[in-house]
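Residues are numbered in the working numbering as their position in the sequence shown, beginning at 1, plus a constant of 365. Where a beta carbon is used, it is the ideal one built from N, C-alpha and C, also for glycine. Before any comments, here is the structure.
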Amino acid sequence: MKSILGISAFYHDSAAALLIDGKIISAAQEERFTRKKHDAGYPHHAVEFILKNSNIKLSEIDHVVFFEKPFLKFERILETYLAFAPKGFLSFSKSMPIWLREKLFQKRFLFEKLQKHDKNFNDISKIKFSEHHYSHAASAFFPSPFKEAVILTLDGVGEWATTTLGIGKENKIEMIKEINFPHSLGLLYSAFTYYTGFKVNSGEYKVMGLAPYGVPKYKDLILKELMDLKEDGSFRLRMKYFNYATGLSMTNDKFSKLFGQKRRDPKKDLLTQFHMDIAASIQSVTEEIILKLTSSIAKETNISNLCLAGGVALNCVANGKILKKKIFKKIWIQPAAGDAGGSLGAALAFWHKELKKNRKPSSNLDDMNGSYLGPSFSDEQIESTLKALGAKYEKFEEEKLLDEVSKELSNEKTAGWFQGRMEFGPRALGARSIIADPRSDKMQKELNLKVKFRESFRPFAPSILREDVYEWFDIDTDSPYMLLVADVKKNIQIPMSEKDQNLFGIEKLNVKRSTIPAVTHVDYSSRIQTVHKETNLKYYKLLKKFKEITNFPILVNTSFNIRGEPIVCTVQDAFKCFMGTNLDILVCGNFILKKDKQNKDLLNNYKNKIDLD
C-alpha cells in the first residue's frame, strides 16, 4: 500500500488530500475547521482529519508533496522587484522577513509542522515539491474521465506561470505553452474585483454575479488600453495601470482615471450602474480571452476533450460558453479548481509522474467521488451533539424524512441540509447546503437578505436530477460540480415587458423571468448542478420526492453558511448557523429540527458576529 499526502498552503485556501494506491480517499480545506474564510495557514486540522479518517499515522505515510516550488517563487519575486526598482520597495521590505523566516526554508518549516501530528515522523526526505501549475493540471486531468485531453490552467500566479497549456495522455502530462507573470488573466479579473470594492481572492464570483445587471460598455477600452490581446488568446498587460507587481494594492491612480471614477470604498459607497457596467465589461473580456484561447488550442491540437483548473476555471459563465460554442466535445473541470485543489494535484502528480503509475480513467462520472471527500458524522454522533447543544429534534426513517422535508420545502420553507461527507472545493453540492423551492419569486431576495446576510443581487443555483436537465435548461451534459452555466429553456421563460426592459441594474431583480424564478438569473441563465444517484443517493431521492409533489425536479441550492463565513463542517457549525439565521428547518442525518420548536434562549444574532466579506 502506497500513501501520498498532498498539501497546499501559505497563499490562500490551504488544504490537504490523501491518495492510497492512487485512489482519492479524502480532501478538505483548512477554513472549514478553523472557521477562517480562505485560511492560508498550514492545514493542521485538515491533515488531522485525513489521518484520523483513514486510521493512519503520519509516520506511516510514504510521501508528502507540497503543491509548488518555493525557490522558483522567490526567484520570481526578486526578479520582479529588480525589474520595477526602485518602485515597490515598501512591498519588498514587508514581504522579505516572511520569506527569510519561513518560505525560503519551506522544507524545514513543513517538517516542523508535520512533526506536530506525529513525533515519529522523522524522515525529512519524504517531503517533495510539485510545480504550482503542474499541480493544477494534474488535479484537472488525472481524476477526469478522459484518456486524452487538452489541459488549460488559468489563475493569478504560481511560481512564474499564470496560464498554461498541457496535453494529458494516459498517465502523462506534457506542458507545452505558458504565459508568465505579470501578465495574468486571474490578476486582471482580481484588479477589477478590487476596483469594484470587493475582496481579492474572495469576491471574484460577486463580480461575475453582478455582470448581467450591467452593459459591457468599457470592454473596448479594456482591450485597447489595459492589454494587448492576440488572435490565439495570448496577451500582455500594460503594467502602468496596475500596482500588484510591486505595490500593496491591485490598481493605481492611472487605472481610476482611465475609467473616470475612484475605487469603490465598500464601507461607504453603494454599488451603482457604473460598477455593474464595469463588472459586465471585465466578464465579457474574460470570456473573449478564454474563447480565443480554447478555440486556438482546439484547432492546434485536434483533441476533443478539455480539462480546466486554476481559480479562473471557477468562472462558470465562461465555461458554459466554451460548451455552448462546441469548441470541445467534452469538458471536465476540477471542482476544487483553486489553490485548495493543488493539494490533490500535487499528490496525483507524484503518483503518476514520479512513481510512473498507470492510470485507468473512471467508467463512472470521474474519480472525484462527487467531491464528497470531507468529514461525515454518524446518526449516533449527530444525536449526542444535538443533545449536548440543547436542541429539540425528531428522528425519522429515511423515507419519512424525505417526505417531510419535501413537503416543508414545497410550502416555501427554507432548510439547512447536512448529510454525508462534506464537499471539497468552494461549492455546496447537497451535503452542506441550504435548500429551498425554486418556484418562489421571493426566494432569491429572502435567502440573500434574511439567511445569507449578503447582497440581494447574488444568484442561486438549481440542483436538478441529471435525467431531467435537458427538459429545463439548454444543456444535456453532466454538471455535478456547479461549474457550467446554461440558459433556462425558452418554454419556461417569461418574456420581459417593455417596462421591465427599461429598468436599470438591481431594479431588474424583482422581475419574474421563468417558472423557476429563484434560480433564473437576470439574463435567463442558471449555474447548474446535476444530481446523480451514484454519488449522492439521499439528495437524489429528495429531488425525486420533491418532483412527485410538485412536478419540479429542481431545488434551490446554496452553500450552508452566512456571508463571510466558510461552509459549515460539523453539527455544531450547522446548529449555530441555523439558530442565527431565518432558516425554518435543519436536517442533520435522519434528524429534523424545526425553528419554532427550539429554545428561544439559544437564538443568536449571528449576522453581527461575522466579519462580512
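Give me whichever residues DSSP pairs with residue i in a beta bridge.
i, result
"Ser368", "Ile385"
"Thr528", "Leu519, Ile544"
"Ile492", "Val429"
"Glu539", "Ile532"
"Ser419", "DSSP output for Ser419 lists no bridge partner at all."
"Leu602", "Met592"
"Ser798", "Trp782, Ser924"
"Ser373", "Ala380"
Can you tell me whether residue i is helix, strand or coil according to DSSP?
i, result
"Leu635", "coil"
"Lys695", "strand"
"Glu395", "coil"
"Val921", "strand"
"Lys778", "coil"
"Asp427", "coil"
"Val952", "strand"
"Ser828", "strand"
"Phe607", "strand"
"Tyr737", "strand"
"Ser504", "helix"
"Ser380", "According to the sequence as given, residue 380 is Ala; it is not Ser. Of the three classes helix, strand and coil, the one that applies to Ala380 here is strand, per DSSP."
"Asp404", "coil"
"Lys965", "helix"
"Asp585", "helix"
"Asp744", "helix"
"Phe715", "helix"
"Asn720", "Looking at the sequence provided, one finds Leu at residue 720 rather than Asn. Coil at Leu720, not helix or strand."
"Phe911", "helix"
"Ala337", "Summary: the structure shown does not reach residue 337, with the chain confined to residues 366 through 978, and so no result is reported for it."
"Glu759", "strand"
"Arg473", "helix"
"Leu958", "strand"
"Leu848", "coil"
"Ala411", "helix"
"Ala514", "strand"
"Phe981", "Coverage of the chain is limited to positions 366 through 978, which leaves residue 981 absent and any answer about it impossible."
"Glu930", "coil"
Within its chain, find whatever has a CB closer than 6 Å to the CB of residue i; leave out the 5 residues flanking it on each side and keep chain order.
i, result
"Pro631", "Gly562"
"Ile914", "Ser771, Ser775"
"Asp806", "Lys877, Pro882"
"Lys817", "Ile927, Arg928"
"Ser391", "Leu383, Ile415, Asn418, Leu738"
"Pro510", "Pro726, Ser727, Asp731"
"Ala502", "Ile516, Thr518, Gly531, Ile538"
"Tyr904", "Gly795, Val896"
"Ala801", "Thr779, Met808, Val921"
"Phe494", "Phe431, Lys434"
Just to confirm my understanding: we take residue i, look at its own chain, exclude 5 residues before and 5 after, and list those with CB closer than 7 Å. What are they?
i, result
"Gln858", "Arg878, Ser879, Tyr889"
"Ile932", "Arg397, Ala793, Arg797, Ser924, Phe925, Asn926"
"Asn729", "Glu899"
"Phe506", "Ala514, Ile516, Gly533, Ile538, Cys672"
"Met733", "Ile389, Pro508, Pro700"
"Pro803", "Pro827, Ile881, Ala883, Val884, Phe917, Ile919, Leu920, Val921"
If we call anything under 7 Å between Cβ atoms a contact, is residue i one with residue j?
i, j, result
"Ala939", "Gly685", "no"
"Val884", "Phe825", "yes"
"Ala780", "Ser924", "no"
"Leu709", "Ser504", "yes"
"Ile919", "Ile881", "yes"
"Thr900", "Asp843", "no"
"Asp731", "Pro508", "yes"
"Gly387", "Lys721", "no"
"Ala683", "Gly579", "no"
"Phe414", "Leu575", "no"
"His482", "Val429", "no"
"Lys694", "Ser669", "yes"
"Ala702", "Ala678", "yes"
"Val565", "Ser555", "yes"
"Gln963", "Lys757", "yes"
"Gly551", "Thr558", "no"
Residue i CB to nearest chain D CB: under 7 Å?
i, result
"Lys493", "In the displayed structure, chain D is absent; only one protein chain is listed."
Sorted by chain position, which residues of the same chain lie with C-beta nearer than 8 Å to residue i's C-beta, five sequence neighbours on each side aside?
i, result
"Lys619", "Lys605, Tyr606"
"Lys512", "Lys534, Glu535, Pro726"
"Asp642", "Gly579, Val580, Pro581, Lys582, Tyr583"
"Ile893", "Ala826, Pro827, Ile829, Val834, Phe838, Ile840, Ser844, Met847, Leu849, Val850, Ala851"
Should residue i be counted as a contact of the ligand SAH given a C-beta to heavy atom distance under 6 Å?
i, result
"Lys778", "No copy of the ligand SAH appears in this structure; indeed no ligand is present at all."
In chain order, which beta strand (DSSP E) runs of at least 3 residues are fully inside the region 612-685?
-> The qualifying runs are 670-674.
If you scan the region 851-908 from start to end, which runs of the beta strand (DSSP E) of 3 or more residues do you find wholly inside it?
-> If we require 3 residues or more, the beta strand (DSSP E) runs fully inside the region 851-908 come out as 890-896.
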